[in-house]
Amino acid sequence: MALAVRSHTAWIPGSAVRGVICVSSIVRRAQLWAVTLALFQVSSVSADTPIGASDGDNWANYGRAHDEAHYSPLADINTANVSRLALAWWFDIPGVVLAESVPLEVNGTLYFATGYSVVRAVDATTGRLLWAYDPQVPRVAGHKLRLLWGIRGIAFWNDKIYVGTHDGRLIAIDAKTGKPVWSVATNERPDDFRIVTGPPCAFDGRIVIGHASSEFGPAPGYVSIRGYVTAYDAENGRRLWRFFTVPGNPAKGFETKAMEMAAKTWSGKWWKDGGGGTVWNAITYDPELHHVYIGTSNGTPADAKLRSPGGGDNLFLASIVALDADSGRYLWHYQLNPAETWDFDATNDIELANLVIDGRSRRVLMQASKNGFFYVIDRDSGKLLSAEKFAKVTWAERIDLNTGRPVETAFARDPSAYMRIWPSGDGAHSWTSMAFNPTRNLVYIPVLDSSRECNDDHIDLHGKECMGTAALLAWDPIQQHAIWRVALPGVRSGGAVTTAGNLVFQGRSDGRFVAYAADSGKELWSFDAQVGIAGAPITYKVAGKQYVSVLAGYGGGGAIVDPRWDARTQPRRVLTFALGGGAQLPPPPPRHEVVPVADPQFEPNPNIEKKGQESFIGHCAMCHGFDAIAGGQAPDLRESPIILSAKGFDEIVKRGMLRQYGMPRFEELSDTELETIRQYLRSRALDLAVHNTSAKRTE
Ligand code: CA
-4 MALAVRSHTA WIPGSAVRGV ICVSSIVRRA QLWAVTLALF QVSSVSADTP IGASDGDNWA
56 NYGRAHDEAH YSPLADINTA NVSRLALAWW FDIPGVVLAE SVPLEVNGTL YFATGYSVVR
116 AVDATTGRLL WAYDPQVPRV AGHKLRLLWG IRGIAFWNDK IYVGTHDGRL IAIDAKTGKP
176 VWSVATNERP DDFRIVTGPP CAFDGRIVIG HASSEFGPAP GYVSIRGYVT AYDAENGRRL
236 WRFFTVPGNP AKGFETKAME MAAKTWSGKW WKDGGGGTVW NAITYDPELH HVYIGTSNGT
296 PADAKLRSPG GGDNLFLASI VALDADSGRY LWHYQLNPAE TWDFDATNDI ELANLVIDGR
356 SRRVLMQASK NGFFYVIDRD SGKLLSAEKF AKVTWAERID LNTGRPVETA FARDPSAYMR
416 IWPSGDGAHS WTSMAFNPTR NLVYIPVLDS SRECNDDHID LHGKECMGTA ALLAWDPIQQ
476 HAIWRVALPG VRSGGAVTTA GNLVFQGRSD GRFVAYAADS GKELWSFDAQ VGIAGAPITY
536 KVAGKQYVSV LAGYGGGGAI VDPRWDARTQ PRRVLTFALG GGAQLPPPPP RHEVVPVADP
596 QFEPNPNIEK KGQESFIGHC AMCHGFDAIA GGQAPDLRES PIILSAKGFD EIVKRGMLRQ
656 YGMPRFEELS DTELETIRQY LRSRALDLAV HNTSAKRTE
């Protein structure tokens, strides 16, 4: 099985300051309701969705309840009967789009977003389309189309759906009709590179939203950015507060005391390159303490030495920050990676629980971070309670619980070494959700063990990350050790959901949707989804019947993904299951094989090829894949006849002929550079043809 080694890091040609394109990303959600504590000696925060009460009928928030635990109290489907779970209906999602978001279900309607922030509502019991809303992103996103990441979630509050669009708008949609109610630009300026791909966080009549793009600067054509989150009034979009995650130019004055404090941890002229620290995924509302927790990304530039040449921790990069939910005022922070330099965003799910630790009940938040450590932090104070490795980690020995700081390995920043660092920038765990089951006190983490080669600049000159292994890991957050582990193909799989029925559901990169026993990890049921799954499922109840829904489809923004799921031919569906369901998918399409374009006249030129490869990595690889091996979100260009036509290639790449389908323009490419890219692609097609021929001979 030919699974690809995918690019995560790329040189931007012509950039005076070496910038890194790291590809991974995103934001979040919730509501106010009953806070039921201590149902169990150790219980989750039982804040529930505003209309679902505590019975779990609705899944109106990204992680269901405010705790973001991706846990359902429903148990009609359980270990005893899950073998009878079957497909109830499916919905075919049109277009060549990423379909990997978490849907919502409210009072019998299922809402989901795909591709460029297109939202649909369907009947949750039949899959019948009720409405679709398309914010027309390709028409307005301009160069942001170059940052192809797709959407990962939406929010619900008071009969409205909230979606952050790729171009940076926050839009409220009438949940009944699909008509837009209001729209605001969350960007500072329309041409900055803030894009939104994660779910907004909804609570208490407010919507909090962040953005992505710390990866894209400084480089020609990219406007570097400062990270922030903004709170809006859920009813009218009025801006309530904004919290910047990194300090701006001191000469302009600091917005807050927190920024003044943070500025002391930076050096040089950091503000010129934006600083980064975007909040692209985790935003969690804590109804017990009325806090908002945000997880921040790496810095801009990614390399600490370039970003802050005189050293410093660089607050609040790679941090979890607690804010007052009313004012956005800074309360506390915990920085996971001081002077972060390996793309270890602290943006993974922040999930809330109440755990008994050393005989004392603690209000905690938990994160299985990209850097490979599982963190348990006191929510009242921000104090780190424990942190242990849940995956292979070589950049640090351990986390010092007295100082809260990592004890980095000697070689992790060795300027003379060229070393392999675990985990890679794809993260030991990333945005695919983990799930916490309060009845078992276990967390279920989709783990990816991968590594990246780094040099002095902590940038991979070859642009390669290497796959390792992947797993679904059951983790005890109190004892900080693994309980069980199910091996998965060594690429990214989907997020997890766990239920009171002692079940864990996960969609996998290999196209299987599986139910495991939550206590033992025993596989109890599976379904052939016909395509890899990257999103997380949800479960809900309509008219007394429990359903499980998941988006099936596979791609993934330059991440370590399975290239078997071809962008053009893979099915993209909402799959919904119930006990005794009677639906059946049509037969799967034949497994896609890349057939390289035949070009007998072509004679490769190694010099041109090398230049073309550099340009390709800088401009194209994010979507079309490292080494031009695509990974499900854009066509594999080795089989595209367009690479045989200089004119056609020019019309699409430089003139934007396919922009309405999401293919961005690269008008700045010179004719020579464009041609080297085309020649590189023809070489890659030839390489594949030669490989296929020799493989046939050895059969
Ligand atoms: Ca990052």
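Residue numbering for the sequence shown follows the numbering used here, beginning at -4 and increasing consecutively. For every residue, glycine included, the Cβ atom is placed at its ideal position computed from N, Cα and C.
Three-state secondary structure (DSSP) of residue i
i: Trp265; result: helix
i: Ala690; result: helix
i: Arg324; result: coil
i: Ala5; result: In this prediction, Ala5 scores a pLDDT of 28, lower than 50, which makes its location untrustworthy; the coordinate-derived value is nonetheless stated afterwards. Correct three-state label for Ala5: coil.
i: His424; result: coil
i: Leu683; result: helix
i: Cys329; result: Here residue 329 is Tyr; the residue named in the question, Cys, does not match the sequence. If DSSP states are grouped into helix, strand and coil, Tyr329 belongs with the strands.
i: Tyr535; result: strand
i: Tyr675; result: helix
i: Arg141; result: helix
i: Ala517; result: Looking at the sequence shown, residue 517 is not Ala but Lys. Lys517 falls in the coil class under three-state DSSP.
i: Ile637; result: helix
i: Glu230; result: coil
i: Lys247; result: helix
i: His619; result: helix
i: Asp52; result: coil
i: Ala42; result: Reliability of the predicted coordinates at Ala42 is poor, the pLDDT of 41 falling under 50, and the value obtained from them is presented with this limitation in mind. Note: Ala42 maps to coil in three-state DSSP.
i: Val77; result: helix
i: Asp666; result: helix
i: Leu467; result: strand
i: Gln541; result: strand
Close beta carbons around residue i, own chain, < 8 Å, minus the five adjacent residues each side
i: Arg164; result: Pro130, Ser178, Val179, Ala180, Thr181, Val191
i: Ala465; result: Pro441, Val442, Leu443, Asp444, Ala482, Leu483, Pro484, Gly485, Val486, Arg487, Ser488, Ser504
Element boundaries [alpha helix (DSSP H), containing residue i]
i: Leu82; result: Looking at the DSSP string, Leu82 is not in any alpha helix (DSSP H); the run it does join, the beta strand (DSSP E), is 80 to 87.
i: Phe611; result: 601 to 614
i: Phe368; result: Run containing Phe368: none in the alpha helix (DSSP H); it sits in the beta strand (DSSP E), 368 to 373.
i: Thr572; result: For clarity, residue 572 is Phe in the given sequence; the question names Thr instead. Phe572 -> not in any alpha helix (DSSP H); beta strand (DSSP E) instead, spanning 568 to 574.
i: Asp62; result: Unbroken run through Asp62: none, as it is neither H nor E.
i: Met256; result: 252 to 258
i: Arg134; result: 132 to 135
i: Glu646; result: 641 to 648
Distance cut-off 7 Å: residue i Cβ against heavy atoms of ligand 3
i: Glu335; result: No copy of ligand 3 occurs in the structure displayed; its ligands are ligand 1 alone.
Short Cβ contact (8 Å threshold) for residue i with residue j
i: Asn332; j: Ala317; result: no
i: Leu632; j: His619; result: yes
i: Ile166; j: Asp187; result: no
i: Gly232; j: Val274; result: no
i: Leu80; j: Trp520; result: yes
i: Ala430; j: Tyr57; result: no
i: Ile202; j: Ala229; result: yes
i: Tyr157; j: Ala197; result: yes
i: Ala334; j: Gly306; result: yes
i: Gly530; j: Gly490; result: yes
i: Ala423; j: Ile345; result: no
i: Pro98; j: Leu498; result: no
Unbroken beta strand (DSSP E) run spanning residue i, endpoints
i: Leu124; result: 124 to 128
i: Pro175; result: 175 to 180
i: Leu301; result: First-last for Leu301: 299 to 302, but that is the alpha helix (DSSP H), not the beta strand (DSSP E).
i: Val442; result: 437 to 449
i: Gly290; result: 286 to 290
i: Gln362; result: 355 to 363
i: Gln749; result: Outside the modelled stretch of the chain, which goes from -4 to 694, sits residue 749, for which no answer is possible.
i: Thr564; result: Here Thr564 belongs to no beta strand (DSSP E), and DSSP marks it neither H nor E.
Contact set for residue i: own chain, Cβ-Cβ below 6 Å, skip 5 residues either direction
i: Arg567; result: Ile88, Ala94, Gly548
i: Asp132; result: Position check: residue 132 holds Val in this sequence, whereas Asp was assumed. For Val132, where only same-chain residues beyond five positions count, the Cβ hits under 6 Å are Tyr111, Ser112, Thr160, His161, Asp162.
i: Ala253; result: Tyr325
i: Glu662; result: Lys649
i: Arg679; result: Ala623, Arg633
Cut-off 7 Å between Cβ atoms - residues of its own chain near residue i, not counting five sequence neighbours on either side
i: Gln36; result: For Gln36, the predicted model reports a pLDDT of 29, less than 50, meaning its position is unreliable and no value from the coordinates is stated.
i: Glu668; result: Ser610
i: Thr121; result: Trp84
i: Ala25; result: Interpretation of Ala25 is limited by its pLDDT of 27, a score under 50 that renders its predicted location unreliable; the figure taken from the coordinates is listed afterwards. Taken in chain order, the residues that qualify are Asn56, His61, Cys196, Ala197, Phe198, Tyr280.
i: Leu574; result: Ile72, Asn76, Arg79, Leu80
i: Glu392; result: Val402, Thr404
i: Glu250; result: Phe239
i: Ala257; result: Val241, Pro242, Leu310, Phe311
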